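In the UniProt record's numbering, the protein residues as written are 1 to 239.
Ideal Cβ placement from N, Cα and C applies to all residues, glycine included.
All figures in this text were calculated on a predicted structure; none of them were measured in a lab.
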Ligand SMILES: Nc1ncnc2c1ncn2[C@@H]1O[C@H](COP(=O)(O)OP(=O)(O)OP(=O)(O)O)[C@@H](O)[C@H]1O
Ligand SMILES: [Mg+2]
């Protein structure tokens with residue numbers, strides 16, 4: 001067999017990726033055939049105004065939604081060839097999600113929120129608690145294991161969400177406006193966590209509409225109206 005030089009193959013590859021939403025007779029082309037390749041260990045920010053298609057891209061990359069045309073290859077596999085069981089397994093093992101609205105369960109203490117991906121992943125109970133607590137320690141919440149989301153500040157809730165995203169040791173973190181609801185101190189805390197995850201070799205895709213946040217990434221992809229306008233290294237971005 002020919003060696004496809006795996007180190008050069010992108011972990012994420014969109015080719016001519018299109019997404020048309022249909023509501024009744026109304027169609028909206030949210031992605032107009034984009035090409036995007038991201039390699040393992042890259043830290044990429046996706047920037048663009050409201051409605052430009054950022055969350056749509058994120059949902060496709062995270063296997064939460066499918067393309068209406070074009071191709072998405074994840075780790076070399078065409079996602080279209082996978083069934084719902086395979087997709088759920090990929091989401092669980094390879095991808096950690098951080099959403100703008102935190103998506104925490106309000107009735108559960110922090111550690112129980114963090115252990116959720118491990119429950120779906122079939123990790124035994126004792127190990128789950130230990131790993132959830134370790135993840136909370138990593139995000140600086142070692143003294144908040146038992147607090148419910150309503151007893152935590154917005155920045156702390158977002159850090160619980162980051163702990164939940166990393167507890168399963170995913171290879172890839174997808175974050176959609178993870179700092180959108182945070183003050184500047186909490187924003188810096190969350191961005192510092194991403195810097196650390198990147199330094200440990202994780203692939204990170206961070207969606208934001210703030211240039212200051214995007215500039216923490218090594219590469220910035222600018223989207224507008226469902227198209228990629230520019231794709232450039234941070235160091236080449238004009239101040
Ligand atoms: N389920 C849907 N049905 C119809 N249109 C949709 C649907 N989801 C998104 N859209 C439309 O697709 C476009 C892109 O939406 P998307 O959520 O990707 O934008 P975004 O860049 O994430 O914006 P924001 O910064 O406000 O979060 C928008 O015009 C939106 O109205
Ligand atoms: Mg969005």
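- If you look at residue 97, you'll find it in the beta strand (DSSP E) that goes 95-98.
- Here residue 52 is buried, its C-beta having at least 16 other C-beta atoms within 10 Å.
- Measuring C-alpha to C-alpha distances from residue 174 to each of 230, 161, 156, 184 identifies 161 as the nearest.
- In this structure, residue 176 has its beta carbon less than 7 angstroms from a heavy atom of ligand 2.
- By the C-beta criterion, the stretch 190-210 is judged not to be in contact with the stretch 122-131, since fewer than 3 inter-stretch pairs fall below 8 angstroms.
- C-alpha of residue 44 to C-alpha of residue 150: approximately 32 angstroms in a straight line.
- Under the rule that a run must span 3 or more residues, the beta strand (DSSP E) segments found entirely inside the stretch 94-144 read 95-98.
- When rounded, the separation of the alpha-carbon atoms in residue 37 and residue 13 is 4 angstroms.
- Applying a distance threshold of 6 angstroms between residue Cβ atoms and the heavy atoms of ligand 1 selects 21, 23, 28, 30, 48, 50, 51, 52, 53, 54, 55, 56, 209, given in chain order.
- Within a 10 Å sphere around the beta-carbon of residue 169 sit fewer than 16 other beta-carbons, which makes this residue exposed.
- If you draw a straight line from the Cα of residue 129 to the Cα of residue 116, it comes to about 10 angstroms.
- Per the coordinates, the alpha-carbon of residue 60 lies some 9 angstroms from the alpha-carbon of residue 19.
- A straight line joining the alpha-carbon of residue 114 with that of residue 71 spans about 32 angstroms.
- Residue 236 carries a helical assignment under DSSP once its states are collapsed to helix, strand and coil.
- Inclusion of residue 235 and residue 207 in the CB contact set at 8 angstroms is not warranted, their separation being larger than that value.
- Counting only runs of at least 4 residues, the stretch 154-182 fully encloses the following alpha helix (DSSP H) elements, listed from N- to C-terminal order: 154-166.
- By the C-beta density criterion, residue 220 is buried, having at least 16 other C-beta atoms within 10 angstroms.
- In the structure shown, residue 187 adopts helical secondary structure according to DSSP, grouped into three states.
- Under the 10 Å beta carbon count, residue 22 is surrounded by fewer than 16 other beta carbons and is classified as exposed.
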